[in-house]
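Here the protein sequences come in this chain order: H and A.
Residues in the first sequence are numbered consecutively from 1, following our numbering.
Residues in the second sequence are numbered consecutively from 1001, following our numbering.
Heads up, the beta-carbon is just placed ideally off N, CA and C, and yes, glycines get one too.
Here the structure is a predicted model, which is why all the values come from computation and not from measurement.
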Amino acid sequence: DAKTTQPNSMESNEEEPVHLPCNHSTISGTDYIHWYRQLPSQGPEYVIHGLTSNVNNRMASLAIAEDRKSSTLILHRATLRDAAVYYCILRAYNAGGTSYGKLTFGQGTILTVHP
Amino acid sequence: DTEVTQTPKHLVMGMTNKKSLKCEQHMGHRAMYWYKQKAKKPPELMFVYSYEKLSINESVPSRFSPECPNSSLLNLHLHALQPEDSALYLCASSQGRLAIGELFFGEGSRLTVL
């Protein structure tokens, strides 16, 4: 399976933007880039996903490099509630692949938000 | 209703016990997942069901036995577990096509094996 590399931890101040990087240099053409986050004592929560183009939703924006070897999750104004572990995950959509259907979590980035 | 409900929230069992974890969703999703999460580690995929059929088994020991009796319900039967199986067990669901769309996770069942 193609792997992702994220910083172990990042810190931010409340109401400031946060850019969470993810490297995925071995991404294949059939991999979507997904982001999930896990707040303390909760199950993971979907944030956003994309394939080639940048994506926006009510929670965040996803900026994908032109070569798709890296991406950045952008939280436009961090709040204390955004403190969580953020996971960048590659998900294969090619039904013929051995990793099809799997959502495999890496180590993630622990985001701390300071008041 | 966008919830995945897991019961029980906490379970303590001995190594000779048989118990089950239950997961339910009413979003019309046709894919359901079991994950295991140890403290301070990422969730690890165990099983995936698609349209009530087991489609992925990540080489999980046979003391864990999944069951999907219908499209809304997913069980994990536990038998002869070891203390190292103590963990948070997470259930998730998604729409039918496995690779598309978000997973909705429950809050998990915290299992302690004595």
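Can you confirm whether A/Val1113, when its beta carbon is compared against all beta carbons of chain H, has any partner nearer than 7 angstroms? So, not an interface residue.
Does H/Asp67 come out as helix, strand or coil in the three-state DSSP assignment? The three-state secondary structure of H/Asp67, taken from DSSP, is coil.
With respect to the beta strand (DSSP E) encompassing H/Arg37, which residues constitute its N-terminal and C-terminal limits? Its beta strand (DSSP E) spans residues Asp31 to Gln38.
So is H/Pro44 in contact with chain A if we call contact Cβ pairs under 7 angstroms? Yes, its Cβ sits closer than 7 angstroms to a Cβ of chain A.
Closest by C-alpha distance to H/Tyr87, when choosing among H/Pro44, H/His114, H/Tyr93 and H/Ala60: Comparing Cα-Cα distances from H/Tyr87 to each of H/Pro44, H/His114, H/Tyr93 and H/Ala60, the minimum goes to H/Pro44.
Take A/Ser1059 as the anchor and find which of A/Lys1036, A/Glu1052, A/Ala1080 and A/Leu1073 has the nearest alpha-carbon. A/Ser1059 has its Cα closest to that of A/Lys1036, out of A/Lys1036, A/Glu1052, A/Ala1080 and A/Leu1073.
Run through DSSP, which three-state label would H/Leu80 get? Looking at H/Leu80 - three-state DSSP - the assignment turns out to be helix.
So is H/Leu103 in contact with chain A if we call contact Cβ pairs under 7 angstroms? Closer than 7 angstroms to some Cβ of chain A, the Cβ of H/Leu103 qualifies, so yes.
Hey, would you say H/Arg91 sits closer than 7 angstroms to H/Tyr32, going by beta carbons? Result yes, Cβ atoms of H/Arg91 and H/Tyr32 sit closer than 7 angstroms.
Looking only at C-alpha atoms, which of A/Glu1067, A/Arg1030, A/Arg1063 and A/Glu1052 sits nearest to A/Glu956? This structure does not reach residue 956 of chain A, given that chain A is present from 1001 up to 1114, and the question cannot be answered.
So the candidates are A/Lys1018, A/Met1032, A/Ser1086 and A/Ser1055; which of them puts its Cα closest to the Cα of A/Gln1006? Of A/Lys1018, A/Met1032, A/Ser1086 and A/Ser1055, the smallest CA-CA separation from A/Gln1006 is found for A/Met1032.
Outcome for A/Ala1039 when other beta-carbon atoms lying within 10 angstroms are tallied against a minimum of 16: Counting Cβ neighbours within 10 Å, A/Ala1039 comes out exposed, since fewer than 16 surround it.
Just verifying my parser: in three-state terms, what is the DSSP assignment at A/Glu1067? Residue state, collapsed to three classes: strand.
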